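Down below is the structure, laid out as structure tokens.
Number of protein chains: 2
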Amino acid sequence: MKCYNEMSREELLEEKASLEKAYEAYKAMGLSLNMARGKPGAEQLDISMPMLDVLNSASDCTDEGTDCRNYGILDGIPGVKKMFADILDVQPDEVFVGGNSSLNMMFDTITTFMVKGVAGCKPWLTQEKVKFLCPVPGYDRHFGITEYYGIEMINIPTDENGPDMDMVEKLVSEDEAVKGIWCVPKYSNPTGITYSDETVRRFAALKPKAKDFRIIWDNAYVIHDVSDTPDSLLSIMDECKKNGNEDLPIIFASTSKITFPGAGVAVMACSKTNMDVLKARYTKQTIGYDKLNMLRHQRYLKDSAGLRAYMEKHKAVIAPKFKCVLDALDKEVKDTGCAAWTKPNGGYFISVDVLEGTAKEVVRLCKEAGVVLTGAGATFPYGSDPKDSNIRIAPTYPSVDELAKAADIFCVCTKLAAVNKLMA
Amino acid sequence: MKCYNEMSREELLEEKASLEKAYEAYKAMGLSLNMARGKPGAEQLDISMPMLDVLNSASDCTDEGTDCRNYGILDGIPGVKKMFADILDVQPDEVFVGGNSSLNMMFDTITTFMVKGVAGCKPWLTQEKVKFLCPVPGYDRHFGITEYYGIEMINIPTDENGPDMDMVEKLVSEDEAVKGIWCVPKYSNPTGITYSDETVRRFAALKPKAKDFRIIWDNAYVIHDVSDTPDSLLSIMDECKKNGNEDLPIIFASTSKITFPGAGVAVMACSKTNMDVLKARYTKQTIGYDKLNMLRHQRYLKDSAGLRAYMEKHKAVIAPKFKCVLDALDKEVKDTGCAAWTKPNGGYFISVDVLEGTAKEVVRLCKEAGVVLTGAGATFPYGSDPKDSNIRIAPTYPSVDELAKAADIFCVCTKLAAVNKLMA
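Quick mapping for you: the protein sequence lines, in order, are chains A and B.
For the first sequence, the numbering used here begins at 176 and goes up steadily by one.
For the second sequence, the numbering used here begins at 176 and goes up steadily by one.
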């Protein structure tokens, strides 16, 4: 197939007719497929069913002397703290184990800084202006938190090494209103890229103008490989400590995509200074999170080695799904030159940049044909993609068979929207 | 025994000598007993062990078509909403099911009003002055939340019918800075009293000066009877609706003292107007709470009738513990006239008013003899009991044998502190 840019009007017309025919055929199938959210599929959930047997009516529910059924222990049971400390390259006493949602812990962290402040500074809510840096494309739920609080969001372009660090350094060192940055440093949502060692080192060496600037380091996909050549990520905490910057990062992770999305265990990790501020809130907010669920996880997954080994099971299910979508894109779209995409070694997404000005149209066409995608623009603050080009594909939820159809439809829609745009 | 007030100095001296002897004997026993927190004992936790068998690796984890293992459903699964709607006398669509802690839901509610406001009013954090009414004695963790946010707390005296409603009505109708009131309307923490019908009706008929005034109705002990003549509480929501005041109450409850304190299910209920404000936050804060734990609870407890019947099991364990403490007080302290206490029909506490100016000393003496009580003053805002008289006794955690010893020690300490005070 020829590149669309090199096609004559006649050739484009012919391509358009052929694509419309294929599109109508798909539409007639009355499909209902969903590639919208980073949701594990049923087969992945089944992997963790044995965890439900770990605690039963005959179980001893004590852990190191603590009855996990009762009140008590604010920051989580020791085994889970240790397991995640290993995974996140931090110390166990830097870890706080929460409920079932790391998003909730991020929200509460931002909330604390809004109402109480951090680093002895005034609460963000009472500061004249608060800005957040948002590497794009990024995670819509991150942007949702800062938007909820009226925090001004600034787009930071990213490439295969991570955010544009020249821009980050400049803004962070010059503008006291810049209080934070949203990062998904490994298998980033949605591009799947992992921050390079240099990027991590530059983050760790930041000299923020604002004493209360913080890096929200959402390591959601820290061990979520889909390839046999996984990426590796430098320890942000170790690097920060080298620079006396250990108060910069606040790190998050969870088992949402390891055990059960609806019933996992979330954690955060940070320096003692930050933890003191956050624990002052936790102490008032709750007597403690669900320790039985922590215990269930600990006894089931054992330790960080057990956790890493466990991820192989997920990889076996997910890798073919990534391959399915990527193969379709390679086969159907590559030669046309009307889209570019990432081939991640892990995470939950494939990020596709379709022809500029056609992302919304591609999503609409897909929806008409029964394939739901994440809304175009969702990967940008305020839901606004300046180029109307980025689409996030989440290949994990459908079965491979469904996915093959959905991917084909996506390819047809991507090409059809491009041809229409080129001929307009 | 004679009333201390009627004793001669000589008689008091004799009593003191006898009490000191008893006290030293207890001290020599090197006991370690705890009546500090409203914590279920191990026997109560054992009641709910079969709940851990409800979901196992062979279970169908779907509920009305929703896979409870996965992401989804922000406000909780329908069966749990219905169960608690029945218990709390509200509609299912007025219920939101959260994580394991109703305290957390209260904290987040106050936080929302602090940073976003409610009823179209400015966020409390940006209003000049915010005050909360605090019926005393009350629940220390409630006061902890308002103290954390720098909200000024005003003591409201309570009697057997609930808070002094003349004072509540006056303050609420005259002072726009009064934004809320903490209530534990049934088997109140710590007095164990239940608000009378008239009290509930007067709450429901309040005409607050502040449009954003809210009643925090913590119905923590809604079905937690310890007697065969339980109290009954009028439905605050029904009464409020009669007055067009349905936006006033925000209701909370949980299974923390029904199943597992560390792994229960918490709920809140409120009008649509309030729910919209709170859901605007929940939507950004989380994808949803632990639905597997909700499902576990629903399948185990079935419905509100099942829940009510289940409470009989707790009553059978707790009632003898309440009796043990009350019998000791009756036998050892009553005639001396040096303390007064409540005889609650439910809840988790016995509230004792010892001789004015001796509560701290009683707690200290008990501690020296190996019996930990809630700190004196904890039942008042800022930890400050103006009369230094109220002590909260939590009889549920120790065994009856331990409790008998602890109650005896408490009686001795109460009398010893009184005698010392009277002779000073």
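Just so it is clear, CB atoms sit at the ideal spot from N, CA and C, and this is done for glycine as well.
Here the structure is a predicted model, which means the values were calculated and not measured.
If residue i sits next to residue j, beta carbons under 8 Å apart, how far is it from one beta carbon to the other, in whole angstroms?
{"i": "residue 273(B)", "j": "residue 455(B)", "result": "Their Cβ separation, rounded to whole angstroms, is 16 Å, which puts residue 273(B) and residue 455(B) out of contact at 8 Å."}
{"i": "residue 324(B)", "j": "residue 289(B)", "result": "6 Å"}
{"i": "residue 277(A)", "j": "residue 435(A)", "result": "About 14 Å separates the two Cβ atoms, so there is no contact after all."}
{"i": "residue 379(A)", "j": "residue 417(A)", "result": "7 Å"}
{"i": "residue 533(A)", "j": "residue 459(A)", "result": "Between residue 459(A) and residue 533(A) the Cβ distance is about 50 Å, and since that is not below 8 Å, they are no contact."}
{"i": "residue 247(A)", "j": "residue 463(A)", "result": "6 Å"}
{"i": "residue 517(B)", "j": "residue 311(B)", "result": "That belief does not hold up - the Cβ atoms of residue 517(B) and residue 311(B) are roughly 14 Å apart, past 8 Å."}
Counting only the same chain and skipping the five closest in sequence on each side, list residues whose C-beta sits under 6 Å from that of residue i.
{"i": "residue 486(A)", "result": "398"}
{"i": "residue 479(A)", "result": "258, 261 and 262"}
{"i": "residue 546(A)", "result": "208, 581 and 584"}
{"i": "residue 317(A)", "result": "357"}
{"i": "residue 270(B)", "result": "256, 259, 260, 442 and 444"}
{"i": "residue 191(A)", "result": "594"}
{"i": "residue 294(A)", "result": "386 and 387"}
Can you pull the DSSP bridge partners for residue i?
{"i": "residue 237(B)", "result": "242(B)"}
{"i": "residue 306(B)", "result": "327(B) and 353(B)"}
{"i": "residue 184(B)", "result": "Beta-bridge pairing links residue 184(B) to no other residue."}
{"i": "residue 565(A)", "result": "528(A)"}
{"i": "residue 521(A)", "result": "400(A)"}
{"i": "residue 333(B)", "result": "338(B)"}
{"i": "residue 516(B)", "result": "527(B)"}
{"i": "residue 282(A)", "result": "For residue 282(A), which the question treats as bridged, DSSP gives no partner whatsoever."}
{"i": "residue 468(A)", "result": "Its beta-bridge partners do not exist; DSSP assigns none."}
{"i": "residue 393(B)", "result": "427(B)"}
{"i": "residue 270(B)", "result": "444(B)"}
{"i": "residue 208(B)", "result": "546(B)"}
Ignore the nearest five residues each way along the sequence and tell me which others in residue i's own chain have a CB closer than 7 Å to its CB.
{"i": "residue 266(B)", "result": "260"}
{"i": "residue 300(A)", "result": "289 and 290"}
{"i": "residue 415(B)", "result": "379, 421, 423 and 424"}
{"i": "residue 496(A)", "result": "570, 571, 575 and 578"}
{"i": "residue 404(A)", "result": "520"}
Beta-carbon within less than 8 Å of residue i's beta-carbon, same chain only, minus the 5 sequence neighbours each way: which residues are those?
{"i": "residue 252(B)", "result": "238, 239, 241, 243, 272, 466, 469, 470 and 473"}
{"i": "residue 291(B)", "result": "298, 452, 455 and 456"}
{"i": "residue 194(B)", "result": "587, 590, 591 and 594"}
{"i": "residue 407(B)", "result": "369"}
{"i": "residue 501(A)", "result": "516, 518 and 525"}
{"i": "residue 392(B)", "result": "358, 360, 411, 424, 425, 426 and 427"}
Given this structure, state the Cα-to-Cα distance separating residue i from residue j, to the nearest angstrom.
{"i": "residue 603(A)", "j": "residue 348(A)", "result": "Residue 603(A) falls outside the range modelled here, since chain A spans only 176 to 599, and no answer is possible."}
{"i": "residue 285(A)", "j": "residue 598(A)", "result": "47 Å"}
{"i": "residue 477(A)", "j": "residue 233(B)", "result": "22 Å"}
{"i": "residue 491(B)", "j": "residue 401(B)", "result": "8 Å"}
{"i": "residue 535(B)", "j": "residue 528(B)", "result": "12 Å"}
{"i": "residue 177(B)", "j": "residue 511(B)", "result": "6 Å"}
{"i": "residue 368(B)", "j": "residue 567(B)", "result": "13 Å"}
{"i": "residue 503(B)", "j": "residue 586(B)", "result": "7 Å"}
{"i": "residue 361(B)", "j": "residue 424(B)", "result": "15 Å"}
{"i": "residue 206(B)", "j": "residue 542(B)", "result": "10 Å"}
{"i": "residue 410(A)", "j": "residue 264(A)", "result": "6 Å"}
{"i": "residue 352(B)", "j": "residue 304(A)", "result": "27 Å"}
{"i": "residue 211(A)", "j": "residue 338(A)", "result": "24 Å"}
{"i": "residue 558(B)", "j": "residue 319(B)", "result": "9 Å"}
{"i": "residue 254(A)", "j": "residue 475(A)", "result": "11 Å"}
{"i": "residue 437(B)", "j": "residue 429(A)", "result": "19 Å"}
{"i": "residue 514(B)", "j": "residue 226(B)", "result": "42 Å"}
{"i": "residue 481(B)", "j": "residue 342(B)", "result": "40 Å"}
{"i": "residue 556(A)", "j": "residue 221(A)", "result": "35 Å"}
{"i": "residue 181(B)", "j": "residue 198(B)", "result": "23 Å"}
{"i": "residue 279(A)", "j": "residue 279(B)", "result": "12 Å"}
{"i": "residue 371(B)", "j": "residue 201(B)", "result": "41 Å"}
{"i": "residue 552(A)", "j": "residue 488(A)", "result": "33 Å"}
{"i": "residue 218(B)", "j": "residue 523(B)", "result": "15 Å"}
{"i": "residue 386(B)", "j": "residue 432(B)", "result": "34 Å"}
{"i": "residue 373(A)", "j": "residue 447(A)", "result": "26 Å"}
{"i": "residue 249(B)", "j": "residue 461(B)", "result": "8 Å"}
{"i": "residue 376(A)", "j": "residue 345(A)", "result": "16 Å"}
Item to check | Secondary structure, beta strand (DSSP E): runs of 3+ residues fully inside the segment 341-390 of chain A | outcome: With a minimum length of 3 residues, the continuous beta strand (DSSP E) runs that stay inside the segment 341-390 of chain A are 353-358.
Item to check | Uninterrupted beta strand (DSSP E) stretches inside the segment 417-456 of chain B (no shorter than 3 residues) | outcome: 424-429 and 441-444
Next on the checklist: My parser needs the beta strand (DSSP E) runs of 3 or more residues fully inside the segment 565-595 of chain B; what are they?
Outcome noted: 565-568
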